[in-house]
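K.L.:
Once you've had a glance at the structure underneath, I'll fire off some questions.
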Amino acid sequence: MATATAPQALDFEEYVRTRQDALLRSARRLVADPVDAQDLLQTALARTYGHWDGIADKSLADAYLRRVMLNTRTQWWRSRRLTEVPTEMPPDVVSVDDVTEQHADRSLLLDILGVLAPKQRSVVVLRHWEQLSTEETASALGMSPGTVKSTLHRALARLREELDSRARQERGDGNDNGDGGAGEGNRRCR
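Shown next, in the form of structure tokens:
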């Protein structure tokens with residue numbers, strides 16, 4: 000069998016060597032990006048090599064390879080298309096290009112989570128970071144779903160208060176806790 004493979008490989012290599020420019024032009028007509036065209040041709044050549052013996056009339060090899068390129072391009076298009084969701088208005092894209100800003104946001108979030116009681120922090124982390132459902136969170140923490148909902152509501156309200164308070168402190172506005180002294184009393188009740 001090794002002797003059959005060697006002539007097949009040599010025959011295929013000769014075909015690619017003589018036809019590669021024309022085939023690449025065909026690929027470039029199918030996809031706009033030149034790099035994608037090279038990828039398309041390479042993928043089509045790899046797929047064609049496995050069926051090279053099945054092409055009885057090698058004068059039809061170009062047609063066969065172009066069909067493989069078309070099918071491959073269609074397959075790529077379908078797989079990419081599934082990730083796009085058409086909408087009437089494009090979504091607001093919030094892009095944070097600065098890694099230090101992302102790190103600062105993460106640090107702030109971890110810091111303000113420290114103001115929550117352990118039970119509240121657990122509920123927030125499971126519901127929002129781990130993206131568990133209310134029922135899954137309740138099961139994980141040994142609570143009822145109603146308790147999860149009310150705990151989450153109070154925790155998010157407390158986080159908003161803390162963020163507002165810190166924003167006022169940065170601006171130098173009035174009270175440092177923004178709740179007229181009630182914050183410590185509320186924290187002890189939980």
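Just so you know, numbering that gives the first Met the number 0 puts 5 at position 6 of the sequence shown, and the rest follows in order with no gaps. Glycine included, every Cβ here is placed at the ideal spot set by N, Cα and C.
1) Grab the span of the alpha helix (DSSP H) containing Arg46 for me, first residue to last.
2) Rounded to the nearest angstrom, how far is the Cβ of Val114 from that of Glu161, given a contact under 8 Å?
3) Name the residue from Ser106, Ser132, Pro117 and Gly53 whose alpha carbon lies nearest to the alpha carbon of Arg153.
4) Which of helix, strand or coil does DSSP assign to Glu134?
5) Using the rule of at least 16 other Cβ atoms within 10 Å of the residue's Cβ for burial, across every protein chain shown, is Gln119 buried or exposed?
6) I'd like the span of the alpha helix (DSSP H) that includes Thr146, first residue to last.
P.N.:
With the given structure in hand:
1) The residue you call residue 46 lines up with position 47 of the sequence shown. Start and end: Pro33 to Tyr48.
2) Translated into positions along the sequence shown, residue 114 becomes position 115. Translated into positions along the sequence shown, residue 161 becomes position 162. A Cβ-Cβ separation of about 5 Å places Val114 in contact with Glu161 under the 8 Å criterion.
3) Locating residue 153 in the sequence shown gives position 154, counting from the first residue. Cα-wise, what sits closest to Arg153 is Pro117.
4) For this step, residue 134 is matched to residue 135 along the sequence shown. Looking at Glu134 - three-state DSSP - the assignment turns out to be helix.
5) The count along the sequence shown starts at 1 and reaches residue 119 at position 120. Gln119 should be labelled buried.
6) If you number the sequence shown from 1, residue 146 lands on position 147. Pro144 to Arg170 is the extent of the alpha helix (DSSP H) around Thr146.
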